[in-house]
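Participant: Line order of the protein sequences matches chains W and H.
For the first sequence, full-length UniProt numbering assigns the number 1 to the initial residue and increments by one for each residue that follows.
For the second sequence, full-length UniProt numbering assigns the number 1 to the initial residue and increments by one for each residue that follows.
Glycine included, every Cβ here is placed at the ideal spot set by N, Cα and C.
Here it is: the structure, laid out below.
Protein chains: 2
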Amino acid sequence: MGVIAEEQVSDATRALFGRDAALANRVLAREPELDALERQIEAQVIRLLALRHPMAADLRLAIAGLKISHNLERVGDYAANAAKRAIVLSGLPMVGSLNGFERLAQMVTDNLRSAVGAFAGDDIATADRVWAADAPVDDVYTGIFRELLTHMIEDPRNITAATHLLFIAKNLERVGDHATNIAETVHFAVRGDQLPSDRPKADSSATTVVEPGDE
Amino acid sequence: MGVIAEEQVSDATRALFGRDAALANRVLAREPELDALERQIEAQVIRLLALRHPMAADLRLAIAGLKISHNLERVGDYAANAAKRAIVLSGLPMVGSLNGFERLAQMVTDNLRSAVGAFAGDDIATADRVWAADAPVDDVYTGIFRELLTHMIEDPRNITAATHLLFIAKNLERVGDHATNIAETVHFAVRGDQLPSDRPKADSSATTVVEPGDE
Numbered sequence: 001m002g003v004i005a006e007e008q009v010s011d012a013t014r015a016l017f018g019r020d021a022a023l024a025n026r027v028l029a030r031e032p033e034l035d036a037l038e039r040q041i042e043a044q045v046i047r048l049l050a051l052r053h054p055m056a057a058d059l060r061l062a063i064a065g066l067k068i069s070h071n072l073e074r075v076g077d078y079a080a081n082a083a084k085r086a087i088v089l090s091g092l093p094m095v096g097s098l099n100g101f102e103r104l105a106q107m108v109t110d111n112l113r114s115a116v117g118a119f120a121g122d123d124i125a126t127a128d129r130v131w132a133a134d135a136p137v138d139d140v141y142t143g144i145f146r147e148l149l150t151h152m153i154e155d156p157r158n159i160t161a162a163t164h165l166l167f168i169a170k171n172l173e174r175v176g177d178h179a180t181n182i183a184e185t186v187h188f189a190v191r192g193d194q195l196p197s198d199r200p201k202a203d204s205s206a207t208t209v210v211e212p213g214d215e
Numbered sequence: 001m002g003v004i005a006e007e008q009v010s011d012a013t014r015a016l017f018g019r020d021a022a023l024a025n026r027v028l029a030r031e032p033e034l035d036a037l038e039r040q041i042e043a044q045v046i047r048l049l050a051l052r053h054p055m056a057a058d059l060r061l062a063i064a065g066l067k068i069s070h071n072l073e074r075v076g077d078y079a080a081n082a083a084k085r086a087i088v089l090s091g092l093p094m095v096g097s098l099n100g101f102e103r104l105a106q107m108v109t110d111n112l113r114s115a116v117g118a119f120a121g122d123d124i125a126t127a128d129r130v131w132a133a134d135a136p137v138d139d140v141y142t143g144i145f146r147e148l149l150t151h152m153i154e155d156p157r158n159i160t161a162a163t164h165l166l167f168i169a170k171n172l173e174r175v176g177d178h179a180t181n182i183a184e185t186v187h188f189a190v191r192g193d194q195l196p197s198d199r200p201k202a203d204s205s206a207t208t209v210v211e212p213g214d215e
């Protein structure tokens, strides 16, 4: 699931950058794979719990598997939503540069890969690093948010495209959140203690105001 | 958690309608309650699995509790995000009517209450009804999406406010998705079989295009 989820995110963003509706359609066609895998993992975990009664670290690991498969299925949903919007965007004029998106996509797929790798390798140092690494993602996302609002204010013909780009940026930021959640789950599975609930956050897009004349 | 989650959503939307930043701040202050409850439920379920080795329906119920507490924690996050934006919006000029939002908020809180009630009462008929009732939510959401794009195109001074409203509408639509997921989990917990993965959906906002001149 980790490999597929990461591929889906990077294919969806490549479809966006390359205005490649065919690639975006392949992302959409692959979405059910992650759904099916999540259901399969859930059934396996339930069978394991019923037949083996795992204890302590093994039990935490089984529950972690359940939670992480759900995170990865959600990542797949965000990739699919971004792909849908990439199809629409491939038929609309471009808005601004997509540099921020390239950085954002790179950061969140790196974090996702590291988090899933940490789970596979019981690697708590990597998990803790990913957990703490979400603030730069939020910064880039907030920058994109401001920039897109400015493009909309400058020219109303940008509004539809910029709105879909806003939601794609949000989708990528959410993928980053899921990477963080996976890291948190790995920490709990390996160590048995919870990371603090007040994780470093820097997303101020929800309170951003851009007025005509600011641009 | 069900009661708090529903209150958070309805308080966040009341804060929006009433331009009531104080109420929105109370929603933000309450967010950690749901996080703490989710962690508590997870610890209880892990203890239960370790000590009691529940089987069949009891095991499915324990796993369902875990999943549903996560859904409700996420609903709390969406309510908090909407509340943050309601604070910003209370200081900006109004954009259009909020009738669509009232309907959307009503629908998703009704579905949430029914889904949580179905879990508490092992009520599979209600669960199945909620599971199938998400399409009208998507319709209202898509209508709001189009309307807000039109307001942005009409007057650039609407853009910041309309963007925050777009994300609030998205938050409410996601609350509806969580109600549906809870219903699906209740079905599985009670019956032991999965609902089909292709649930009725009607959200076409991701493919919506509104051009200047359409308004």
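Looking at the unbroken alpha helix (DSSP H) that takes in W:H70, where does it start and where does it end?
Facilitator: The sequence position of residue 70 of chain W within the first sequence is 70, counting from 1. That run of the alpha helix (DSSP H) goes A56 to L89.
Participant: Sort H:V209, H:V190 and H:I41 by Cα distance to H:I153 and report the nearest one.
Facilitator: Along the second sequence, one-based indexing puts residue 153 of chain H at 153. Among H:V209, H:V190 and H:I41, the Cα nearest to that of H:I153 is on H:V209.
Participant: Give me the chain W residues within the contact set of H:M55, using Cβ-Cβ distance strictly less than 8 angstroms, ordered along the chain.
Facilitator: As a first step, residue 55 of chain H is located in the second sequence; it is residue number 55 there, counting from the start. Going along chain W in sequence order, the residues near H:M55 (Cβ under 8 angstroms) are A50.
Participant: How is the alpha helix (DSSP H) around H:K170 delimited, first residue to last?
Facilitator: The count along the second sequence starts at 1 and reaches residue 170 of chain H at position 170. H:K170 -> alpha helix (DSSP H) spans I159 to R191.
Participant: On the DSSP letters alone, give me the boundaries of the alpha helix (DSSP H) that H:P136 sits inside.
Facilitator: As a first step, residue 136 of chain H is located in the second sequence; it is residue number 136 there, counting from the start. Counting along the chain, the alpha helix (DSSP H) containing H:P136 begins and ends at A135 to E154.
Participant: Assuming W:D32 is part of the alpha helix (DSSP H), what are its boundary residues?
Facilitator: Locating residue 32 of chain W in the first sequence gives position 32, where the first residue counts as 1. The sequence shown places Pro at residue 32 of chain W, not Asp. Per DSSP, W:P32 belongs to the alpha helix (DSSP H) from A21 to R52.
Participant: Can you grab the Cα-Cα spacing for the pair W:N181 / H:G213, in whole Å?
Facilitator: Within the first sequence, the letter at position 181 stands for residue 181 of chain W. Within the second sequence, the letter at position 213 stands for residue 213 of chain H. Straight-line Cα distance between these residues: approximately 44 angstroms.
Participant: Which whole-angstrom value is the C-beta distance of W:V9 and W:L89, which I expect to be below 8 angstroms?
Facilitator: Locating residue 9 of chain W in the first sequence gives position 9, where the first residue counts as 1. Locating residue 89 of chain W in the first sequence gives position 89, where the first residue counts as 1. Not a contact, Cβ separation roughly 16 angstroms.
Participant: Between which residues of its own chain and W:V75 is the CB-CB distance below 6 angstroms, once the five residues before and five after are set aside?
Facilitator: The residue given as residue 75 of chain W occupies position 75 in the first sequence. Cβ within range, chain order: A5, V175 and H178.
Participant: With three or more beta-carbon pairs closer than 8 angstroms as the criterion, would you say the segment 106 to 122 of chain H touches the segment 158 to 166 of chain H?
Facilitator: no
Participant: Which residue wins for smallest C-alpha separation from W:L37, given the options W:E211, W:D110 and W:S69?
Facilitator: Translated into the one-based positions of the first sequence, residue 37 of chain W becomes position 37. Among W:E211, W:D110 and W:S69, the Cα nearest to that of W:L37 belongs to W:S69.
Participant: Under the rule that 16 or more other beta-carbon atoms within 10 Å means buried, what is W:F17, buried or exposed?
Facilitator: By 1-based counting over the first sequence, the position of residue 17 of chain W is 17. So W:F17 counts as exposed.
Participant: Would you mind telling me which residues of chain H sit closer than 9 angstroms to W:N81, beta carbon to beta carbon, in chain order?
Facilitator: Sequence index remark: in the first sequence, residue 81 of chain W carries index 81 (1-based). By Cβ distance, chain H contributes A206.
Participant: Between H:K84 and chain W, is the shortest Cβ-Cβ distance under 8 angstroms, so that the two count as touching?
Facilitator: Start at 1 with the first residue of the second sequence, and residue 84 of chain H comes out as number 84. Interface flag for H:K84 against chain W is set, since a Cβ pair is found closer than 8 angstroms.
Participant: Between which two residues does the alpha helix (DSSP H) containing H:S114 stretch?
Facilitator: Here residue 114 of chain H is taken as the residue at index 114 of the second sequence, counted from 1. That run of the alpha helix (DSSP H) goes N99 to A120.
Participant: Under a Cβ-count criterion, where at least 16 other Cβ atoms within 10 Å of its own Cβ denotes burial, should W:A3 be classed as buried or exposed?
Facilitator: Here residue 3 of chain W corresponds to residue number 3 of the first sequence, with the count starting at 1. Here the sequence assigns Val to residue 3 of chain W, which means Ala is not the residue at that position. That one is exposed.
Participant: Determine the chain H residues that contact W:I153 at a beta-carbon separation under 8 angstroms, and present them in chain order.
Facilitator: As a first step, residue 153 of chain W is located in the first sequence; it is residue number 153 there, counting from the start. Within chain H, the residues near W:I153 are P156 and I159.
Participant: So the candidates are H:E211, H:L34 and H:V108; which of them puts its Cα closest to the Cα of H:L148?
Facilitator: Here the question's residue 148 of chain H lines up with position 148 in the second sequence. It is H:E211 whose Cα lies nearest to the Cα of H:L148.
Participant: May I ask you to list, following chain order, the residues of the segment 24 to 38 of chain H that have a beta carbon less than 8 angstroms from some beta carbon of chain W?
Facilitator: Residues passing the 8 angstroms Cβ filter: P32, D35 and A36.
Participant: Anyone know if the C-beta pair for H:L104 and H:V137 falls short of 8 angstroms?
Facilitator: As a working mapping, residue 104 of chain H is identified with position 104 in the second sequence. As a working mapping, residue 137 of chain H is identified with position 137 in the second sequence. Going by C-beta atoms, H:L104 is nearer than 8 angstroms to H:V137.
Participant: Using beta-carbon positions only, say whether H:L72 and H:L28 come within less than 8 angstroms of one another.
Facilitator: Taking the first residue of the second sequence as position 1, residue 72 of chain H is located at position 72. Taking the first residue of the second sequence as position 1, residue 28 of chain H is located at position 28. No. Outside cutoff.
Participant: Return yes when the Cβ of H:A12 is within less than 8 angstroms of the Cβ of H:A83, no when it is not.
Facilitator: As a position in the second sequence, residue 83 of chain H is number 83, starting the count at 1. As a position in the second sequence, residue 12 of chain H is number 12, starting the count at 1. Their beta carbons are under 8 angstroms apart, which means H:A83 touches H:A12 by this criterion.
Participant: When the distance is taken between beta carbons, is H:L59 closer than 8 angstroms to H:V45?
Facilitator: Here residue 45 of chain H is taken as the residue at index 45 of the second sequence, counted from 1. Here residue 59 of chain H is taken as the residue at index 59 of the second sequence, counted from 1. Contact flag unset, no.
Participant: Is it the case that the Cβ atoms of H:Q194 and W:R26 are separated by a distance below 8 angstroms?
Facilitator: Position 194 of the second sequence, counted from the first residue, corresponds to residue 194 of chain H. Position 26 of the first sequence, counted from the first residue, corresponds to residue 26 of chain W. Taking 8 angstroms as the Cβ cut-off, H:Q194 and W:R26 do not qualify as a contacting pair.
Participant: Please tell me whether H:P136 has its Cβ less than 8 angstroms away from any Cβ of chain W.
Facilitator: Here residue 136 of chain H corresponds to residue number 136 of the second sequence, with the count starting at 1. Taking Cβ atoms only, chain W never reaches closer than 8 angstroms to H:P136, which makes this a no.
Participant: Please name the residue in H:I63, H:A183, H:E42 and H:A43 whose C-alpha comes closest to that of W:L49.
Facilitator: What you label residue 49 of chain W is simply residue 49 of the first sequence in a count that begins at 1. It is H:I63 whose Cα lies nearest to the Cα of W:L49.
Participant: Got a sec: is the Cβ-Cβ distance from H:Q8 to anything in chain W below 8 angstroms?
Facilitator: Within the second sequence, the letter at position 8 stands for residue 8 of chain H. Answer no: the Cβ-Cβ gap between H:Q8 and chain W never drops below 8 angstroms.
Participant: Note down, in chain order, every chain W residue with its Cβ under 8 angstroms from the Cβ of H:D211.
Facilitator: If you number the second sequence from 1, residue 211 of chain H lands on position 211. A small correction: the amino acid at residue 211 of chain H is Glu; Asp does not occupy that position in the sequence shown. Ordered by position in chain W, the residues that pass the 8 angstroms Cβ test against H:E211 are R157 and T160.
Participant: What residues in its chain sit with their C-beta under 8 angstroms from that of W:I124, if we drop five residues either side in the sequence?
Facilitator: Taking the first sequence and counting its residues from 1, the one referred to as residue 124 of chain W is at position 124. So the list reads A118, V186, H187, V190 and R191, once near-sequence residues are dropped.
Participant: What residues in its chain sit with their C-beta under 8 angstroms from that of W:A120, if we drop five residues either side in the sequence?
Facilitator: Sequence index remark: in the first sequence, residue 120 of chain W carries index 120 (1-based). These residues qualify, in order along the chain: G2.
Participant: Would you say H:Q194 faces chain W, with C-beta separation under 8 angstroms as the test?
Facilitator: Locating residue 194 of chain H in the second sequence gives position 194, where the first residue counts as 1. Chain W contact via Cβ: present.
Participant: Quick check on the DSSP output: the alpha helix (DSSP H) that includes W:L16 runs from which residue to which?
Facilitator: In the first sequence, counting from the first residue as 1, residue 16 of chain W sits at position 16. Looking at the DSSP string, the run of the alpha helix (DSSP H) that includes W:L16 is G2 to F17.
Participant: In angstroms with no decimal places, state the Cα-to-Cα distance between H:L87 and W:D122.
Facilitator: Mapped onto the second sequence, residue 87 of chain H falls at position 87. Mapped onto the first sequence, residue 122 of chain W falls at position 122. Inspection of the sequence shows that residue 87 of chain H is occupied by Ile rather than by Leu. Rounded to whole angstroms, H:I87 to W:D122 spans 42 angstroms at the Cα level.
Participant: Decide if W:L51 is buried, meaning its Cβ has at least 16 other Cβ atoms within 10 Å, or exposed.
Facilitator: The residue labelled residue 51 of chain W in the question sits at position 51 within the first sequence. So W:L51 ends up on the exposed side.
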